[in-house]
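Student:
Chains as they are written, first to last, in this note's numbering: chain A, 77 to 320; chain B, 32 to 293.
#1: Just verifying my parser: in three-state terms, what is the DSSP assignment at residue 209 of chain A?
#2: Note down, in chain order, every chain A residue with its Cβ under 7 Å from the Cβ of residue 232 of chain B.
#3: Please classify residue 83 of chain A: does DSSP put it in a helix, a strand, or coil?
#4: Any beta carbon from chain A within less than 8 Å of residue 143 of chain B's own beta carbon?
#5: Cβ atoms of residue 207 of chain A and residue 237 of chain A: under 8 Å apart, would you say?
#6: Between the segment 129-139 of chain B and the segment 203-222 of chain B, do three or more beta carbon pairs fall short of 8 Å?
#7: Using C-beta distances below 6 Å, list every residue in its chain close to residue 190 of chain A, excluding the 5 sequence neighbours before and after it, in chain order.
#8: Please report how far the alpha carbon of residue 62 of chain B lies from the alpha carbon of residue 290 of chain B, in whole angstroms.
#9: Could you say which of A/266, A/155, A/289 lies nearest to residue 299 of chain A if we only look at CA atoms?
#10: Straight-line CA distance for residue 213 of chain B to residue 181 of chain A?
#11: Is residue 181 of chain A close to chain B? Criterion is C-beta to C-beta, closer than 8 Å.
#12: Which residue marks the beginning of the alpha helix (DSSP H) containing residue 189 of chain B, and which one marks its end?
#13: Starting from the beta carbon of residue 145 of chain A, find every residue of chain B whose beta carbon is closer than 7 Å, and list them in chain order.
#14: Please decide whether residue 77 of chain B counts as near chain A, where near means a Cβ-Cβ distance under 8 Å.
#15: With a threshold of 7 Å, establish whether the CB of residue 311 of chain A neighbours any heavy atom of the ligand ATP.
#16: Could you pull the DSSP bridge partners for residue 257 of chain B from this structure?
#17: Give me the Cα-Cα distance between residue 176 of chain B and residue 141 of chain B, rounded to the nearest whole angstrom.
#18: Could you tell me the boundaries of the alpha helix (DSSP H) in which residue 127 of chain B lies?
#19: What's the C-alpha gap between residue 306 of chain A and residue 314 of chain A?
#20: In terms of alpha-carbon separation, which member of B/42, B/33, B/193 lies closest to residue 124 of chain B?
#21: Taking Cβ positions only, does residue 280 of chain B come closer than 8 Å to chain A?
#22: From residue 146 of chain A to residue 216 of chain A, what distance separates their C-alpha atoms?
#23: Looking only at its chain, what residues have a beta carbon closer than 7 Å to the beta carbon of residue 46 of chain B, apart from the 5 residues adjacent to it on each side?
#24: Residues of chain B with CB closer than 8 Å to the CB of residue 92 of chain A, please, in chain order.
#25: Which bits of chain B does residue 103 of chain A rub up against, with CB to CB less than 7 Å?
#26: Whose Cβ in chain B lies nearer than 9 Å to the Cβ of residue 168 of chain A?
#27: Name the residue from B/198, B/195, B/178, B/161 whose alpha carbon lies nearest to the alpha carbon of residue 59 of chain B.
#28: Quick one: give me the first and last residue of the alpha helix (DSSP H) that residue 278 of chain A is part of.
#29: Can you list, in chain order, the residues of its chain whose CB lies under 6 Å from that of residue 134 of chain B, leaving out five sequence neighbours each side?
#30: Pair every Cβ in the segment 221-232 of chain B with every Cβ in the segment 138-154 of chain A, then say whether three or more of these pairs are closer than 8 Å.
#31: Does residue 228 of chain B come within less than 8 Å of chain A when only Cβ atoms are used?
#32: Counting contacts by CB-CB distance shorter than 8 Å, is residue 74 of chain B in contact with chain A?
#33: Whole angstroms are fine: how far does the CA of residue 121 of chain B sit from the CA of residue 292 of chain B?
#34: Is residue 247 of chain B helix, strand or coil when you go by DSSP?
#35: Please confirm if residue 251 of chain B has its CB atom under 8 Å from at least one CB of chain A.
#36: Check whether chain B comes within 8 Å of residue 159 of chain A, counting only Cβ atoms and requiring the distance to be less than that.
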């Protein structure tokens, strides 16, 4: 069969087309992967491109991209902590009602997870909401957390009390369990100072004296940061030994 | 094949026309002017395109050669989009097809002729650039760099086929305009289809954009940096050839059904 016949025959041309399309899609896929791999090492910021969009649609596009990224993160979440933080970040982009429902779900499903702290804080002294977290509930939550996360929970709770107009008695009520524990980090000093001050103003001498004792004890302790750094060094040291 | 080459020879004979002589002089002067331009890198406002085009690995393109290929593409649009319509208008096509030449062979011959014209322009400009570099810098480009620049010619194959395909549907001026618009769309879609790959998957826009992008050749691939031997070059060659075949096949299908006495 001559070349001329091949080309004038529509069926043959169609067959050639199908084969060509197969090679086209295959080679395109390979070239696309190469182009994307080349860009992976570069600082191609999507945000930079979006800033060139017209002002009217820029924010909407950015919000959609942010939401999309969070949905991708949610799908890829491997730990409860990752799941909780992403769920809350996603809900923060929705209405107040959705956010409250998400906080409620998180606080009920993951009561032992440090990432649930924002959920408990939301309902702690939060006014009329779907759930009320009392001081006792919040203390229970702190008790379930790992040692390293407890300080932050105390700190965040105290800030919430101050932010919601709590008085000295509220502060004493909240911080009182600290008198029963043995502080592990110097950071607790701040909390004991608060407690001492509130107790002094309210004339609660016993609490004030005990709090001062613990303040002195805290002075001799390392900070949480120092403990974590030490722990990291020990871990990397062990890993180095293991690799040798 | 002889018949195809005969048609391409007729097309190529046009280079003897004074207009083409001027074009080749322009090629030589242009090549000389762009000889000392640096490696292709786009900064500032156009950094996005720069990142898409330039990879960290492989041999980069020199801006001068990119300018030459862009000029060659311009010639490809003018020549490729007008050749067949002018033959149809002047009834030259009837004369050629009265010989034992099929329409498919005619399209293929025209294609080879236009590609050869572009090739001549590109080679002439490149020789001028290399000689100018030798005169100005006192050294030749390394073989690797030259081979990478010569790969730019691969882009010409689907490019000419695309303009010729459009010319089988339309008259010369319309074909030129449509080809230019199609190229602009192709460039936008090429950038967009790579851009959407960086967006979150859950947005679900990537697949739609990719489907649309498949209707346009991605010319960015030809301007990427890559090693002169390897899978990328092979893929690029297959990509260019498959696109060429697709465009020419569509053009042939249309030309086979076209009423040439209209």
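Using N, Cα and C, we set each Cβ at its ideal position, and we do this for glycine too.
Tutor: According to the structure data:
#1: strand
#2: 148
#3: Low confidence applies to residue 83 of chain A: its pLDDT is 49, below 50, so where it sits in the model is not reliable enough to give any reading.
#4: no
#5: no
#6: no
#7: 221, 225
#8: 42 Å
#9: A/266
#10: 53 Å
#11: no
#12: 184-198
#13: 231
#14: At residue 77 of chain B, the pLDDT of 49 sits below 50, so the modelled position is not reliable; the number obtained from the coordinates is stated separately. Not an interface residue.
#15: Although the ligand ATP was asked about, the structure shown includes no ligands whatsoever.
#16: B/90
#17: 31 Å
#18: 123-128
#19: 12 Å
#20: B/42
#21: yes
#22: 31 Å
#23: 148, 151
#24: 276, 280
#25: 266, 269, 270, 273
#26: Residues of chain B passing the Cβ test: none, with the nearest at roughly 17 Å.
#27: B/161
#28: 264-278
#29: 286, 287
#30: yes
#31: yes
#32: The predicted model places residue 74 of chain B with a pLDDT of 49, which falls under 50 and marks its position as unreliable; any figure quoted below should be read in that light. Residue 74 of chain B does not count as touching chain A.
#33: 11 Å
#34: coil
#35: yes
#36: no
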